[in-house]
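The structure appears right after this line, and notes come after that.
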Amino acid sequence: MSPRRAVSGGRIDRLRTIRFTFDGHSYTGHAGDTLASALLANGVTLFGRSFKYHRPRGVLTAGVEEPNALVTVLSGAVREPNIPATMLEVYDGLIAESQNRFPSLEYDVGAINQLGGKLLGAGFYYKTFMGPVIGPLKGTRFWMFCEHFIRRAAGLGRAGTEREPSRYERMNAFCDVLVVGAGPAGLMAAKAAADKGVRVILADLDANPGGSANWSDETIDGMAAADWAAETVRELKARENVRMLPRTTVWGYYDNNTLAALERVADHKLAPAKGEPRHRQWTIRTGAVVLATGALERPLVFPGNDRPGVMLASAVERYVNQYGVLPGRKFAIFTNNDSAYRAALALKKAGGEIAAIVDLREKISPAAREIAGKVGGAHHTGHAVIDTEGGKQLTGIKVQRFDDRTGVLSDDPRNIPADCLLISGGWSPTIHLASQAGLNPVWSDELQAFLPPQATQNWVGAGGFNGGFTTAGALAEGHAAGLKAAGAPAAAIELPAVDDDGLDPKPAPVLEIKAKGKAFVDHQHDVTADDVRLAHQEGFVSVEHLKRYTTLGMATDQGKSSNVPGLAIMADALGKQIPEVGTTRFRPPFAPVSVGSLAAERYGDIRPDRLTPMHDWHLENGATMYGAGLWHRPMIYALPGETVEQAYVRETKTVREGVGLVDVSTLGKIAVQGPDAGEFLDRVYTNMFSTLAVGKARYGLMLREDGLVLDDGTTWRLGQHDFLMTTTTANAGKVMQHLEYLLDVVWPELKVQLTSVTDQWAGAAIAGPKSRDVLAACLTGTKADNETLPFMGIVRGEIDGAPVMICRLSFSGELAYEVYCGAGHGTHVWEALMKAGKPFGIVPYGLEALGTMRIEKGHVTGAEIDGRTTARDLHLDWMLSKKKPFVGSAMMDREGLVGEGRLQLVGIVPLNNRPVNGGAHIVEELYEDGPRDSIGHVTAMCYSPTLGKYIALALVKDGKSRRGTRAFVSDPLRKRFGPVEIVSHHFYDPEGNRMHG
Amino acid sequence: MVEQESPLKPVWKPGSHGNFANGVGVYLSETMPGSIVQLAAWPGEEKAVIAAIKKVAGVTLPDGAGGGAPGDVKAAFGFAPGKFLVVDEKEGLAEAFAKAVDISVGTVTDLSHGRTAIRVAGPKAEWVLAKFFAIDFSQVSFPVGAGRSTVHHDVFAQIQRTAPTQFDLYVFRSFARSFWTALCHASAEVGYEVR
Amino acid sequence: MLITCPYCGPRDVSEYSYQGDGNRTRPDPASTDQEAWNAYVYDRLNPRGEHHEIWQHSGGCRAHLKVTRNTLTHVISSVGFARDAGHRKSDGHRKTGAEA
Amino acid sequence: MAEYSVFSLLRNAFSGNRDWKPAWRKPDPKPSYDVIVIGGGGHGLSTAYYLAKEHGITNVAVLEKGYLGSGNVGRNTTAVRSNYLLPENIHLYEHSMKMWENLSHDLNYNVMFSQRGVLNLAHTPAQLDDYARRGNAIIHSGADSVLMTPAEIEWLMPGIDASGSARFPIIGGLMQWRAGTARHDAVAWGYARGADRRGVDILENCEVTGFIKDGDRVVGVTTTRGEIRANKVAVAVAGSTGHVMNMAGIDKLPIESHVLQAFVSESLKPFLDTVVTFGMGHFYVGQSDKGGLIYGGDLDGYNSYAQRGNLPIVEEVNSEMLALFPSLARVRVLRSWGGVCDMSMDGSPIITTGPLPGMYLNCGWCYGGFKATPASGWCFAYTIAKDEPHPINAPFTLDRFHRGAIIDDKGQGSTPRLH
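Protein chains in written order, with full-length UniProt numbering: chain D, 1 to 997; chain R, 1 to 195; chain P, 1 to 100; chain H, 1 to 419.
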């Protein structure tokens, strides 16, 4: 038996023993324990160290709001930091360790920071570290020097560096009613809605639905509340129209009733089942939401309130009733409201000794007084705890008379020995989700709490969320909320009976006891009451300034327990009411959400692979692949021992002298069909298409509306009303959207249908003086001679039994054809072409050779069509029809686009015959030590086997007029400089005799 | 006739996979229809195209957005205003429609090679597909026969529910292998059989 | 955020592409009025409140929609096909098979 | 008011920190000023500061509708860099960078500017060429830039996936070492304190409700704290530009307001000193001195004045983070928030006189505003004081669109959400 485990009681499975380790020590717990309850049962009270002062900390709460007891869980080499021990279910083999301590939790050298207390107050960073104005540490360097050491000390847990082996998944769900929180209110709501036949999802962040029923020690409907909850859950689970999501935190409330929820599917096991995700991220789109998220108890602020052993009263109640753990031997209670008396009762029942109940109110309810009498120990009303004693563990408290109206302390302090102090500062409804989907929360003076705001989305609240205090109320409100959310009229039913304990929900409006010593408001970030007052003194009085200046509420618990006490202290300093200080709007997430689960929807890879029909052939034939957007394309097909340059030079030479084959399936292809297709193309291309003959293709240029170049490509007229447009690989999607917009929004009167057929066709370009011979050897049903298939002509036929469509056009500048066939026949036709080409020495070639040949020809691609160039800049003004308006025609002549100083396309020849790099700049005068006065940059370069030298394309200021002049390439990034000659971009066969041949 | 090559070849692993110890949750297959044809009607000509579908493919489409009719051999469904996908086990459907649909009524676009048809069937079909697509797969909102156009990031999909627990997905061929791999991955949790 | 496509029904915002201010009118193609073109290409109404916008259901039926949406609350008050929004006069309202 | 220094810190610590004074006064509005600056964010406050410091114009009011720094200066991801492509942008942001390097001294307020570098990752040879073009442009404009190899990147950032097997392998990166981060709130507070010390009135909770005009000329504003007149009215209200200019009768501008989400993780022991961006999407991440990973990505992509976004971007941004750092799956997102950005038609800002007489406009910062804070205020102050732009901001006029003199760093054209 563990030292602090009660002999009986609790909802744990005492027959199942769980073995786990914490900081290397082995412990046992029971099924149903959290790490916090199991360690408390073992007598462990020291859980972690605080952020700034490294103060020893225990466990403050029993739930998601825990600021102190954060641990790192290890599974193999994978680390998961910053998990609240209160939310971590123990399992066999669990390995957990404490954080932010060195060398150990017991002896942490960082605790020396406590000595600097006054110095390290709020905002101290801003006032110092500016350093000297001159010298080696001038400017910001002194700060950076100091920051180096500050960063070493910063942070809580350590993130791992091993790749995550677990799965994360994403799930879309649709329902009519989402109930958040499966306490008494949520369970009733789910039941009421489900009874109406609508689709219900019930999510709860705990492993066992039931909420407060699991630890309240009440009876509902004549049975233990926990049994009633379990029974109701069983009933709900059996229904077709209800989905139960335990261990699921609804963390975000987005537009149109879209909610995000994290299900911790396998965190309670050593390893997930086969194929099972560790976390599942739910996106729930629902008609209505019932928020039954309950309320969170707040701590009181007084000196020493962070000592291990100081815990929320409700947390202790929960440890006793749900986990059968007595987190101390001798208990004291300090409260400003009645709810803590329930904890006293629970302790007494479980055999704990109550040393004293310190109630800062003078007047208390008869019910509370009666309990105080029942549980024994001293009952000090009108008193306050002004300090605590002990080192890493509470040993006693100091109590003094206190006036709850004036806040004045009087009489002599007295000491009361205790090893566990229960504190209660009243309750704050958990309105985070409501705040994400509502206006500002509403302050209640009576409850000293923010109540839910007016809704801006379709939700309805119930129970503690509404500020309700009783289980009977929760049941009634839950039922009504369920009906309302389901769209059903209100109807009274006989609600399950609950005993009324007669306790009063109203707290005294006192959250802080002003006495000497560090009194913590935000435990994790070590923000003290004095820090809040300092912020006030320096003018940081709005709630957002307070948070930002002191870091109050910015820790992993997101201020769940510190928000209202912090506001109360600021309000007091300002002499204002709390709502005048301001209210906090809560943002997602309600509780921290794993990055893995948010990334889950991508299923592994960030983007899918897009493969051409011949992809596998390329891999099998030695291609080195290359990413082009989502596509994978062959870069080179290197022979053994070849460098990249050797490979593309060989491939290029073979094409220029013989024949080669390249995969062009990635080009965007759009079917443009309909009676107005020609008219439409005339409007979107700068040149004319309506006059194009059937069976012919034409090169076209498109501008954006602003007159700059959008894309280029060939469009083929396959029939009177049937065009096949090709776009560049990179711009396929963009062009499609551009055209669809024009058609749908601007010219809906045109009868044109656009369909992406990129995937329908496999495309192979066969190029080189011998390409016609290869076609002649394998093409049936038509001919490839110059008469049948002239330049820009199209024929249909078959290759090895597969239907093909062939257009004679050239990107390489050689005699060339693009052979299109059904994608499912792609490899078949490709192999047939390779086979037919074998006698002619055909080679497959990749993007590098393709790029080399286009540079030799001076064709432009994405590096030149970079969204900033005009048709004139690229010497494509011959394509600008003067006979018709087209997209961009009205804007393309603006002064900034036609004047001097435009970057224009030129050719570049390095005079030292050394390669230049893409991205190198061009200058008139070379300053290697202080490069300046760039006049342009290199867009693409290659070694031209045809010309026997390195050549490049460049965009150069007023480049056209610089042809024939000398300049320099200046590439300080890669330390390459040298003289170049600026020439025409047409390096090779400018008349185009080869491709027309 | 040259057979179409499947884009899934290297990742096609028949048999049971994942967590199938307690039964297979989904059956995954590629249906490889001979014809996938898109028909688009000009506004006001929708009825004429629906009539052509009946005449050529023998499939009767209900009126209404996303209306469709499933069939073992031929199936059709609407996926966008005035647009329909018609699928046939046999090849040659596009040519047949080209004769039957005049340009004054609408257009015919052959996508037989451009789309890969993947069938997801079994008790967990809705569950697995819901991991990808943000549409409501429940039978109430997605009845048998109906079609839907949707997307999982870069992967567009047209989906027809062809039986209470069976969906036929038409995805772009170039993405099919990636999508299939992801589909198998997502199915592992419930156990899947490739057949 | 969900947008209810007139054809596909309510769909997640991730299926849509935003195409901006729907209050703009493209000048007559032959117009050389630079002011008008400048206004069309560069000027935007950018209200805090109700806004008329064009969205494309690019991950669904690919139709362009004219959406009235509040830019402060994200509440959508109306959705219709963009092609029905005033530009086209001759076709009138589609009747038979209009939903197909 | 007391200078901040390590000595004042010590002295005050011994006196129980009771002697610290408010960082800035909370005065009541005067009926008129020489200059009104609308917008108590980073740019408005720095404008006021430089009006006083550089031009001796101290009879200035800064009008803030909420609390000071409640806009994007307190909502950004704190990166400071000048690694742009086009010379106009490089000059502006490099001017800013030089001011950052001495800002803490200038303001006597530690804004924690830390030059730990900003690295742009490249994943294809074409992209690396494109980055080289930019890097060389930066160097030719007098700023710093270096290329890094995958091995150097891996050494710099433990946990980054620099393997060749990544979906988009890292083949290199463009690093600007002088770039880095600053503490965003401190920038607002430091400028506020600096301006206040030079006599500027900072009026919080003072929302402009309308403009007072004399004919076409703007001569003042009406506010929730009464009417305030001025010779010159300057507008620096990024995120609310459309709304405020609407009150002045300008209903169309080359701007759309978009929401940009940002995220911070739970506090972790620092492992990432440099800000790094992913090249095959839109993602950037750095780690604060508190240990939180601060990261973000693309705009939600639709007009919005709501300071909150939606789920698709949340998921996209986190997916991209995991693609870069596959080990961070178990790290958790602590907070998310949204900022409203003025997205201009070419992705570059507008700092100009006009558009009405008596009015000055500073807007269109897209999501680049924070790093520009010093230079923006400096240039805007010059423009207000001299009634003409400084050569640095002369290219950033409102009529550049009309003239076709666009400054389009990304080459995306007039689609604001793509800049």
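Where is the CB? At the ideal position from N, CA and C, for every residue including glycine.
Around the C-beta of residue 14 of chain H, are 16 or more other C-beta atoms found within 10 angstroms, so that it is buried, or is it exposed? Sixteen is the threshold: since fewer than 16 other Cβ atoms of the shown chains lie within 10 Å of the Cβ of residue 14 of chain H, the residue is exposed.
Run the CB neighbour count on residue 147 of chain P, radius 10 Å, all protein chains shown included, and call it buried at 16 or more, exposed below. An answer regarding residue 147 of chain P cannot be provided, because it is not within the stretch 1 to 100 covered by chain P.
Whole angstroms is fine: what's the gap from residue 371 of chain D's alpha carbon to residue 322 of chain D's? Computed Cα separation, rounded: 21 Å.
Drop a sphere of 10 angstroms on the beta-carbon of residue 223 of chain D, count the other beta-carbons inside from all chains shown, and report buried for 16 or more, exposed for fewer. By the beta-carbon neighbour count (other beta carbons within 10 angstroms, threshold 16), residue 223 of chain D is exposed.
What are the residues that DSSP puts in a beta bridge with residue 187 of chain H? DSSP lists no partner for residue 187 of chain H.
If you run the structure through DSSP and keep just helix, strand and coil, what is residue 246 of chain H? DSSP places residue 246 of chain H in helix when its eight states are reduced to three.
List, in chain order, every chain H residue whose beta-carbon is nearer than 9 Å to that of residue 60 of chain P. Correct list: empty, because the minimum Cβ distance to chain H is about 14 Å.
Give me the Cα-Cα distance between residue 760 of chain D and residue 609 of chain D, rounded to the nearest whole angstrom. When rounded, the distance between both Cα atoms is 17 Å.
Residues of chain D with a CB under 9 Å from the CB of residue 188 of chain R: which are they? Within chain D, the residues near residue 188 of chain R are 167, 274, 275, 276.
Chain P within 8 Å of residue 198 of chain D, Cβ atoms only: At a cut-off of 8 Å between beta-carbon atoms, residue 198 of chain D makes no contact with chain P.
So, for residue 471 of chain D: in the same chain, excluding its five sequence neighbours on each side, which residues have a beta-carbon less than 8 Å away from its beta-carbon? In its chain, beyond the 5 residues on either side, 184, 212, 213, 216, 218, 220, 225, 498 have a beta carbon closer than 8 Å to the beta carbon of residue 471 of chain D.
Output yes if chain R places a C-beta closer than 8 Å to the C-beta of residue 14 of chain P; else output no. So yes, residue 14 of chain P belongs to the interface.
Closest by C-alpha distance to residue 49 of chain D, when choosing among D/62, D/96, D/109, D/15: Answer by Cα proximity: D/109.
I need the straight-line Cα distance from residue 91 of chain P to residue 205 of chain H, nearest angstrom please. Because residue 91 of chain P sits at a pLDDT of 36, beneath the cut-off of 50, its placement in the model cannot be relied upon, and the point is left open.
Given a limit of 9 Å on CB to CB distance, which residues of the UniProt domain "GCVT N-terminal" (106-192) of chain R reach chain P? Going along the UniProt domain "GCVT N-terminal" (106-192) of chain R in chain order, one finds 134, 135, 136, 141, 148, 149, 150, 151, 152, 153, 156 with a Cβ nearer than 9 Å to chain P.
Relative to chain D, which residues along the segment 121-146 of chain H have a C-beta separation below 8 Å, given in chain order? Taking 8 Å as the Cβ-Cβ cut-off against chain D, the residues of the segment 121-146 of chain H that qualify are 123, 124, 125, 126, 128, 129, 130, 131, 132, 133, 134, 135, 136, 137, 139, 140, 141, 142, 145, 146.
From this set, D/265, D/461, D/354, which residue's C-alpha is nearest residue 89 of chain D's C-alpha? Closest in C-alpha terms to residue 89 of chain D, from the list D/265, D/461, D/354, comes D/265.
If contact means a Cβ-Cβ distance below 9 Å, which residues of the segment 27-43 of chain P contact chain D? For the segment 27-43 of chain P, which is checked against every Cβ of chain D, the residues closer than 9 Å are 27, 28, 29, 30, 31, 32, 33, 34, 36, 37, 38, 40, 41, 42.
Rounded to a whole number of angstroms, what is the C-alpha to C-alpha distance between residue 301 of chain D and residue 180 of chain D? Distance between the alpha carbons of residue 301 of chain D and residue 180 of chain D is about 31 Å.
Smallest Cα separation from residue 521 of chain D: which of D/490, D/486, D/557? The candidate whose alpha carbon is nearest that of residue 521 of chain D is D/557.
By DSSP, does residue 927 of chain D sit in helix, in strand, or in coil? Look at residue 927 of chain D here: in three-state DSSP terms it is coil, with no helix or strand label.
Can you tell which of H/329, H/183, H/213 has the C-alpha that lies nearest to the C-alpha of residue 126 of chain D? If we check each option's Cα against that of residue 126 of chain D, H/183 comes out closest.
Residues near residue 577 of chain D by beta carbon distance below 7 Å, same chain, minus five either side: Excluding five sequence positions before and after residue 577 of chain D, the CB atoms of its chain that fall closer than 7 Å to its own CB belong to 571, given in chain order.
In whole angstroms, what is the alpha-carbon distance linking residue 98 of chain P and residue 44 of chain R? Any answer about residue 98 of chain P is weak, because its pLDDT of 38 lies below 50 and its placement is not dependable; what the coordinates show is given next. Cα to Cα, the separation comes out at about 7 Å.
Just verifying my parser: in three-state terms, what is the DSSP assignment at residue 741 of chain D? If DSSP states are grouped into helix, strand and coil, residue 741 of chain D belongs with the helices.
Selection of the segment 154-178 of chain D by Cβ proximity to chain H, strictly under 8 Å: The residues in question are 154, 155, 156, 157, 158, 159, 160, 161, 162, 163, 164, 166, 168, 170.
Could you list the residues in the segment 308-331 of chain D with a C-beta less than 9 Å from some C-beta on chain P, going in chain order? Those would be none; no residue qualifies.
If we cut at 8 Å on Cβ distances, does residue 44 of chain R have a partner in chain D? Using a CB distance cut-off of 8 Å, residue 44 of chain R does not count as an interface residue toward chain D.
Residues bridged to residue 949 of chain D (per DSSP): Secondary-structure assignment with DSSP links residue 949 of chain D through a beta bridge to D/944.
When the Cα atoms are used, what is the spatial distance from residue 6 of chain P to residue 752 of chain D? Computed Cα separation, rounded: 21 Å.
Residue 756 of chain D lies in the alpha helix (DSSP H); which residues open and close that run? Looking at the DSSP string, residue 756 of chain D is not in any alpha helix (DSSP H); the run it does join, the beta strand (DSSP E), is 753-756.
Relative to chain P, which residues along the segment 66-97 of chain R have a C-beta separation below 9 Å, given in chain order? Listed by position along the chain: 66, 67, 78, 79, 80, 81, 82, 83, 84.
Pick out the complete beta strand (DSSP E) segments inside the segment 619-649 of chain D, 3 residues or longer, and give them in chain order. Correct list: 623-628, 631-637.
With distances taken from CA atoms, which of D/152, D/289, D/559 is nearest residue 296 of chain D? Minimum Cα distance to residue 296 of chain D is reached at D/559.
Under the three-state reduction of DSSP, which class applies to residue 171 of chain H: helix, strand or coil? Three-state DSSP puts residue 171 of chain H in coil, outside helix and strand.
Once DSSP output is grouped into helix, strand and coil, what is the label at residue 91 of chain P? At residue 91 of chain P the pLDDT is 36, less than 50, meaning the model places this residue with poor confidence; the figure from the coordinates comes in the next sentence. Residue state, collapsed to three classes: coil.
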